[in-house]
Amino acid sequence: MSRPTQVTINLAKLKANFELAKRLVGNAQVLAVVKANAYGHGAVAVARALPADAFGVASIDEALALRDAGITAPIVLLGGIFAAREMMQVARHDLQVVVHTADQVQALIDTAVVDVVVWLKLDTGMHRLGFAPEAILESLQRLTDSGKVARIILMSHFANADDPDHSNNARQLQLFERTASLLSADHRPPFAKSMANSAALLTRTASHYEWVRPGLMLYGANPLLGCLPEHLQLLPVMTLRSRVVAIRELLPGEGVGYGGQWIAQRKSLIATVAVGYGDGYPRHAPNGTPVLVNGQRCALVGRVSMDFIGVDVSGLAGVNIGDEVILWGDDVTVDEVAQHAGTLAYELLTGVQPRVSFHYED
Ligand SMILES: *Cc1c(COP(=O)(O)O)cnc(C)c1O
0 MSRPTQVTIN LAKLKANFEL AKRLVGNAQV LAVVKANAYG HGAVAVARAL PADAFGVASI
60 DEALALRDAG ITAPIVLLGG IFAAREMMQV ARHDLQVVVH TADQVQALID TAVVDVVVWL
120 KLDTGMHRLG FAPEAILESL QRLTDSGKVA RIILMSHFAN ADDPDHSNNA RQLQLFERTA
180 SLLSADHRPP FAKSMANSAA LLTRTASHYE WVRPGLMLYG ANPLLGCLPE HLQLLPVMTL
240 RSRVVAIREL LPGEGVGYGG QWIAQRKSLI ATVAVGYGDG YPRHAPNGTP VLVNGQRCAL
300 VGRVSMDFIG VDVSGLAGVN IGDEVILWGD DVTVDEVAQH AGTLAYELLT GVQPRVSFHY
360 ED
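Just so it is clear: in the sequence shown, position 26 is 25 by numbering that gives the first Met the number 0, and no numbers are missing.
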């Protein structure tokens, strides 16, 4: 057999998660975030599968990959342009842009473009991108006076939406509201508003406005620090699987893997599985991280290496070379693996390496 490390992407589950988002937001439009190759799921396949009102990407290159694949839906550059010359491409490929600096406003004014849809970004407390509330009116005015803007969507981004009870959420939303009403008093025609990422979409109806921007939830991972409520179950879209490629019996005192950092306490049966950090399995996953072997939960043992891991299958009957192993998917979720490894589902999903073969199913 060839190297058995594979990802399966289930497009039916992706669509079901999207439908859940749609149901929760009523009349709001949905911008499906497909940056970073759709969080590692394949941006073209995801964009083809989802009837989203728009797609969000991180760069012109990501946008062009979708346009080249025939995606005609609106595409928003979530970080805006990185150099003034990119504004021409925005026009040429019918993209929409986030504008969060005075230089980006200037680039738009200086470029021969018409009818650009601008997502004007307000910094309400994330302190990463966006105009300060005191400074945004000037930019709004310059954009409208330029005669080059078709429509403006006022947007902002939560810093603590994963923790729904965090006081910053209400504070950011309030500042967004207040700034929006000050701006709209001076600004005709009115603009749409957008604030919610996945976590806010799921927990904070007041943040839905006209446009929501879910990313992670579409892929079936949990964007909240705590558990999802029962009625908001998401379906994991990605399954990372491999196979047992060797089996050995260890005696008490014998170690597994580099550094021998796990040592058998009793006679143990160890399966070697063809997956490692060279595939995107987290190197920091500790002993005890759950791994499914033949559908049964087992424990990772020993250090994760580039191409292989060890799994303690002592409790399983009849494990054989070639047996199926699931690293994350339905029964061991990517959230669970991320938690063990001290990281987030976002990082694990986007980190799957190109050498892993991808398969799509409906
Ligand atoms: C990435 C991103 C999102 C999506 O965030 P999730 O937590 O994955 O839902 C939404 N808005 C902006 C501006 C982003 O950059």
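Even for Gly, the Cβ is constructed at its ideal location relative to N, Cα and C.
Original post:
What are the boundary residues of the alpha helix (DSSP H) that includes N9?
Top reply: That residue, N9, is in no alpha helix (DSSP H); its beta strand (DSSP E) goes Q5 to N9.
Original post:
Does the distance from the CB of V29 to the CB of D60 come in under 8 angstroms?
Top reply: No, the pair does not count as a contact, with Cβ atoms beyond the cut-off.
Subject >> Segment limits, alpha helix (DSSP H) that includes E419 >> reply: This structure cannot speak to residue 419, because the chain is shown only from 0 to 361.
Original post:
Residues in its own chain within less than 7 angstroms of A205 by CB, not counting five upstream and five downstream?
Top reply: L172
Subject >> Any chain B beta carbon closer than 8 angstroms to L142 >> reply: Judged by its chain identifiers, the structure shown contains no chain B, having just a single protein chain.
Original post:
Using DSSP with H/G/I as helix, E/B as strand and the rest coil, what is Q260?
Top reply: coil
Original post:
Taking the continuous alpha helix (DSSP H) assigned at M216, which residues delimit it?
Top reply: Here M216 belongs to no alpha helix (DSSP H), and DSSP marks it neither H nor E.
Original post:
Does the Cβ-Cβ distance between Q5 and R212 come in under 8 angstroms?
Top reply: no
**OP:** Please say whether F307 and A273 have beta carbons closer to each other than 8 angstroms?
**Re:** Yes. Within cutoff.
Original post:
In whole angstroms, what separates the C-alpha of G219 from that of G225?
Top reply: 15 angstroms
Subject >> Three or more C-beta pairs below 8 angstroms linking the stretch 278-286 and the stretch 299-317 >> reply: Touching, yes.
Subject >> C-alpha distance - K12 paired with A134, whole-angstrom precision >> reply: 43 angstroms
Original post:
Under the three-state reduction of DSSP, which class applies to R203: helix, strand or coil?
Top reply: coil
**OP:** Please name the residue or residues paired with C297 in a DSSP beta bridge.
**Re:** V290
Original post:
Which word fits D67, buried or exposed, when buried means at least 16 other C-beta atoms lie within 10 angstroms of its C-beta?
Top reply: exposed
**OP:** Give the secondary structure of A15 by DSSP, where H, G and I count as helix, E and B as strand, and everything else as coil.
**Re:** helix
Original post:
Excluding sequence positions up to five away, which residues of its chain have a Cβ less than 6 angstroms from the Cβ of A364?
Top reply: There is no way to answer for residue 364, as the model of the chain reaches only from 0 to 361.
Original post:
Can you pull the DSSP bridge partners for M154?
Top reply: K120 and S193
Subject >> Touch test, the stretch 251-261 against the stretch 23-40, Cβ-Cβ under 8 angstroms, three pairs minimum >> reply: no
Original post:
Cβ of P163 versus every heavy atom of ligand 3: is any distance shorter than 7 angstroms?
Top reply: Absent from the structure shown: ligand 3. Ligands present: ligand 1.
Original post:
CA-CA distance, R127 and F54?
Top reply: Each residue's Cα considered, the two are about 21 angstroms apart.
Subject >> C-beta atoms of L63 and D161 nearer than 8 angstroms >> reply: no
Original post:
Roughly how many angstroms lie between the CA atoms of L348 and Y38, to the nearest whole one?
Top reply: 6 angstroms
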